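Worksheet: one structure, shown below.
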Amino acid sequence: QREAIRRGLNILQYEVPGGDTFMHEGFKRANEQIYHETYGGVRTASVIIALTDGELQDVQFYYAEQEANRARSLGAIVYCVGVKDFNETQLSTIADSIDHVFPVTGGFYALRGTIDSIIKKSCIEILAAEPSSVCAGESFQVVVRGNGFYHARNIDQVLCSFKLNDSLTISEKPTFVHDTYLLCPAPVIEDAGQVVFLQVSMNNGLTFISSSVSITSTQC
Numbered sequence: 001q002r003e004a005i006r007r008g009l010n011i012l013q014y015e016v017p018g019g020d021t022f023m024h025e026g027f028k029r030a031n032e033q034i035y036h037e038t039y040g041g042v043r044t045a046s047v048i049i050a051l052t053d054g055e056l057q058d059v060q061f062y063y064a065e066q067e068a069n070r071a072r073s074l075g076a077i078v079y080c081v082g083v084k085d086f087n088e089t090q091l092s093t094i095a096d097s098i099d100h101v102f103p104v105t106g107g108f109y110a111l112r113g114t115i116d117s118i119i120k121k122s123c124i125e126i127l128a129a130e131p132s133s134v135c136a137g138e139s140f141q142v143v144v145r146g147n148g149f150y151h152a153r154n155i156d157q158v159l160c161s162f163k164l165n166d167s168l169t170i171s172e173k174p175t176f177v178h179d180t181y182l183l184c185p186a187p188v189i190e191d192a193g194q195v196v197f198l199q200v201s202m203n204n205g206l207t208f209i210s211s212s213v214s215i216t217s218t219q220c
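Residue numbers (the UniProt record's numbering): 1 to 220.
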C-alpha cells in the first residue's frame with residue numbers, strides 16, 4: 001500500500017492543476033478507504049488533511065461539507081490547509097473546527113514552512129503509562145503520556161481504553177485531559193502477570209489510537 005501511495009505521488013507531480021475545486025471528490029475517495037478498513041474490523045483512527053488554493057463554489061462547498069461530515073461519522077479527524085486564495089469561513093466549516101484550519105497566506109512557497117506545524121498538530125500518539133506495573137486485584141489510576149490529546153473535536157469525547165485480552169476491552173472517561181497527558185481511572189487487573197495494552201479514542205469509542213504501551217500486573 002505504501003508503494004501504491006508513492007506511485008500515485010510520482011504521477012501527481014506531473015499533473016497541471018486547473019479548473020474548479022472539487023474537494024468533495026478527494027473526501028469521497030478517502031471515505032471509501034476509511035469505510036473499507038473500519039467495516040473490515042479495523043477501528044483505527046484516521047486523519048484527513050484537505051488542501052486547497054481556491055474558494056469553493058456554493059454547490060462544491062455543500063458537497064465538501066457533506067463528505068467531511070461523513071468522514072467524521074466514520075471516526076476521522078478533518079484538517080484543512082488553505083493556500084493563498086481560499087475562504088477561511090468555508091474551511092472552518094469543513095474542518096473539525098477553526099483550530100483545525102491552517103491558513104498559508106504566502107502561497108505555495110510558504111507551505112513548506114508550515115508542514116512541521118501541520119504534522120505536529122495532526123499527530124496523536126501514546127508514549128508511556130505511569131505506573132507501568134501495578135498490584136493485581138487493586139484499583140489504580142494511570143497517567144497516559146503522549147501528544148495531541150487536545151486535537152479532539154470535543155475533549156469530552158476522549159476515552160482511555162484498556163485492552164485486557166482479544167475479546168475484552170474496557171474504556172474509561174479520563175478525569176483530566178491535557179494535550180500531553182491523560183489521567184484515567186483503570187479497571188482492576190485480577191490476575192498477576194497480565195499485560196494490558198493502552199489505547200485512546202478521540203471520538204467516544206468510534207475509533208482507537210493503538211499503541212505498544214502496556215501495564216503489567218504483579219503479585220504484591
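We treat Cβ as the ideally placed atom computed from N, Cα and C, and that holds for glycine.
Treat the numbers as computed from the prediction; the structure is a model and nothing was measured.
- Note on geometry: alpha-carbon atoms of L183 and E25 lie some 40 Å from one another.
- When C-alpha distances from A68 are compared across Q57, G54, I49, the shortest belongs to I49.
- Taking 8 Å as the cut-off, the beta carbon of T44 is found no closer than this to the beta carbon of M23.
- The Cβ-Cβ distance between L198 and F162 falls below 8 Å.
- The C-alpha of A30 lies about 49 Å from the C-alpha of C220.
- Pairing I98 with S92, the inter-Cα distance amounts to about 5 Å.
- Secondary structure at A71: helix, using DSSP grouped into helix, strand and coil.
- Rounded to whole angstroms, V83 and T207 show a C-alpha spacing of 30 Å.
- For A95, DSSP records no beta bridge to any residue.
- Taking C-beta atoms under 8 Å as the contact rule, E190 and A152 fail to qualify, at a distance of about 31 Å.
- If you draw a 10 Å sphere on the C-beta of A4, you find fewer than 16 other C-beta atoms in it, and that means exposed.
- In this structure, N154 lies away from E125, with their beta-carbon atoms at least 8 Å apart.
- Annotation: the continuous beta strand (DSSP E) that includes E172 extends over 168 to 172.
- With a contact defined as Cβ atoms closer than 8 Å, S122 and V47 qualify at about 5 Å.
- Of the residues D85, T38, D96, the one whose Cα lies closest to the Cα of A64 is D96.
- The three-state reading of DSSP puts N10 in helix, counting H, G and I together.
- A distance below 8 Å separates the beta carbons of V200 and V158.
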